[in-house]
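J.: One structure coming up, written as structure tokens, with questions to follow.
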């Protein structure tokens, strides 16, 4: 956990350095707000015990959910370089299984079927180290284009919290994890006025959580709950330029 947190802190420090305000007049700043739907692929939950045992809950069916967030940053302002930008993105979504779901459980004792409920609120902090746009339909009013298809990609820090999840984790415990994953965006912005635009985009996120618990059954042990999430986001929002 210490090494993971060191990576996260270092990433934050480096990115804040990149976001130091550019020279006056050399950037077009933006602030966006958005919301949308989230679709997460089925996944496996693997529980590794310090006693040397491993249990896998197979094919957790993740509910479709919602997402909301905001981002800010800047595009370079000079026309020959205004296709390049940088940004910071903060968003929330939820990965959870439907109550009463039955899943296959593989352990040292063989394969069985068990009820499982798994729920994780997730905060993402995305670092758009690569942000590209294609300025289309330029004119005197829309110097950076009225229509702007764009791509963005970079690492993201995902902070997840597991409260009491029925049938899976030890009773009366919760756990929080921070991990480094990835985020990729593809969308298009249409400028309604010189300062205000509307956008729609697709987002893909990938990250792995490792949540730690202390169990007393069958004996005192530390258990690591590990899950990988591949999530598709369909979002829309408003953009303000200044």
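In this note's numbering, the protein residues as written are 1 to 242.
Ideal Cβ placement from N, Cα and C applies to all residues, glycine included.
Taking residue 90 and residue 69 to be in contact with their CB atoms under 8 Å, please state how far apart those CB atoms are, rounded to whole angstroms.
T.: Within the chain shown, numbered from 1, the residue matching residue 90 stands at position 90. Within the chain shown, numbered from 1, the residue matching residue 69 stands at position 69. Confirmed, about 6 Å.
J.: Considering Cα atoms alone, identify which of 50, 34, 31 and 60 is closest to residue 227.
T.: Here residue 227 is taken as the residue at index 227 of the chain shown, counted from 1. Closest by alpha carbon: 60.
J.: Evaluate the contact criterion for the segment 191-202 versus the segment 138-152: three or more CB pairs, one atom per stretch, below 8 Å.
T.: Cβ pair count under 8 Å is three or more, so yes.
J.: Helix, strand or coil: which one does DSSP assign to residue 82?
T.: Position 82 of the chain shown, counting from 1, holds the residue named residue 82. Here residue 82 sits in coil by DSSP.
J.: Return the residue from the list 32, 112 and 225 that minimises the CA-CA distance to residue 174.
T.: Position 174 of the chain shown, counting from 1, holds the residue named residue 174. The candidate whose alpha carbon is nearest that of residue 174 is 225.
J.: If you drop the 5 nearest sequence neighbours on each side, which residues of the same chain put their C-beta closer than 6 Å to that of residue 206?
T.: As a working mapping, residue 206 is identified with position 206 in the chain shown. 181, 182 and 230.
J.: For the beta strand (DSSP E) that contains residue 118, what are its first and last residues?
T.: By one-based count along the chain shown, residue 118 stands at place 118. Unbroken run through residue 118: none, as it is neither H nor E.
J.: Please determine, among 48, 126 and 104, the residue with the shortest C-alpha to C-alpha distance to residue 112.
T.: Numbered from 1 along the chain shown, position 112 holds the residue referred to as residue 112. Nearest option by C-alpha distance: 104.
J.: Quick one, are the C-beta atoms of residue 203 and residue 235 less than 9 Å apart?
T.: Taking the first residue of the chain shown as 1, we reach residue 203 at position 203. Taking the first residue of the chain shown as 1, we reach residue 235 at position 235. Yes; because the gap between Cβ atoms is below 9 Å, this pair is in contact.
J.: On the DSSP bridge assignment, give the partners of residue 188 in chain order.
T.: To locate residue 188, count along the chain shown from 1; it is residue 188. 149 and 200, per the DSSP bridge assignment.
J.: Could you tell me which residues DSSP puts in a beta bridge with residue 62?
T.: Position 62 of the chain shown holds residue 62. Answer is none; residue 62 lacks a bridge partner.
J.: According to DSSP, simplified to helix, strand and coil, what is residue 231?
T.: Start at 1 with the first residue of the chain shown, and residue 231 comes out as number 231. If DSSP states are grouped into helix, strand and coil, residue 231 belongs with the strands.
J.: Figure out for me which residue from 107, 208 and 197 has the closest Cα to the Cα of residue 178.
T.: As a first step, residue 178 is located in the chain shown; it is residue number 178 there, counting from the start. Answer by Cα proximity: 208.
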